[in-house]
Amino acid sequence: MHYITVLIQHNFTTKNYQNGTFEIEGNEDIQCRICLDNIEKGQLAQSTPCTPIKHIFHVNCFWTWYKDHHNCPFCRKAFLIKFIEFLDPPKNKTKKNDESSNRNW
1 MHYITVLIQH
11 NFTTKNYQNG
21 TFEIEGNEDI
31 QCRICLDNIE
41 KGQLAQSTPC
51 TPIKHIFHVN
61 CFWTWYKDHH
71 NCPFCRKAFL
81 IKFIEFLDPP
91 KNKTKKNDES
101 SNRNW
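For the sequence shown, position 88 (counting from the first letter as 1) is numbered 88 according to UniProt numbering, and the numbering increases by one without interruption.
Shown next as structure tokens:
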């Protein structure tokens, strides 16, 4: 799966979900490319299929963007149909994100 590539390249300590979504469990210094805040331990992150090494976002930041756009918020590369299907919103996420990842963009 796509997120496994992200995890290997970044050496994150994570808990994996589906569709490129993962929870940060370590104290890595990872910045959301939308709101520019750090993705803190315990928050959910989202990677994109374009180039996962650099394109990681807070889950809420990404899905707010994705509602109106079908391209990467960072590089603007259009997602192919197979990746759009891959990027269905995560279901039943109960992990609480802090206020910085719940902004309305």
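Where a beta carbon is used, it is the ideal one built from N, C-alpha and C, also for glycine.
Just so we're clear, the structure is a prediction, and the values are computed from it rather than from any experiment.
Contacting residues, own chain, Cβ-Cβ under 7 Å from residue i (five flanking each side not counted)
i: C50; result: C72, C75, K77
i: H55; result: R33, S47, T48, C72, F74, C75
i: T94; result: Any answer about T94 is weak, because its pLDDT of 46 lies below 50 and its placement is not dependable; what the coordinates show is given next. None.
Counterpart residues of residue i in DSSP-defined beta bridges
i: K39; result: The amino acid occupying residue 39 in the given sequence is Ile; Lys does not appear at that position. Paired residue(s): I30.
i: T21; result: Q46
i: H55; result: Answer is none; H55 lacks a bridge partner.
i: N71; result: A78
Whole-angstrom C-beta distance between residue j and residue i, which should lie under 8 Å
i: I24; j: Q46; result: In fact, because the Cβ distance is near 11 Å, the residues do not count as touching under 8 Å.
Beta-carbon proximity list for residue i, same chain, < 6 Å, skipping 5 on both sides
i: H10; result: Only weak support is given to the placement of H10: the predicted model assigns it a pLDDT of 44, under 50, and the question is left unresolved by the model.
i: F62; result: Q46
Cβ-based neighbour list, residue i, same chain, cut-off 8 Å, excluding 5 preceding and 5 following
i: H58; result: C32, I34, C35, D37, I39, Q43, L44, A45, Q46, N97, S100, S101
i: F79; result: T48, P49, C50, H70, N71, C72, L87
Length of the line joining the Cα atoms of residue i and residue j
i: E41; j: I30; result: Position check: residue 41 holds Lys in this sequence, whereas Glu was assumed. Spanning the two alpha carbons is a distance of roughly 10 Å.
i: T64; j: T21; result: 15 Å
i: K67; j: N60; result: 11 Å
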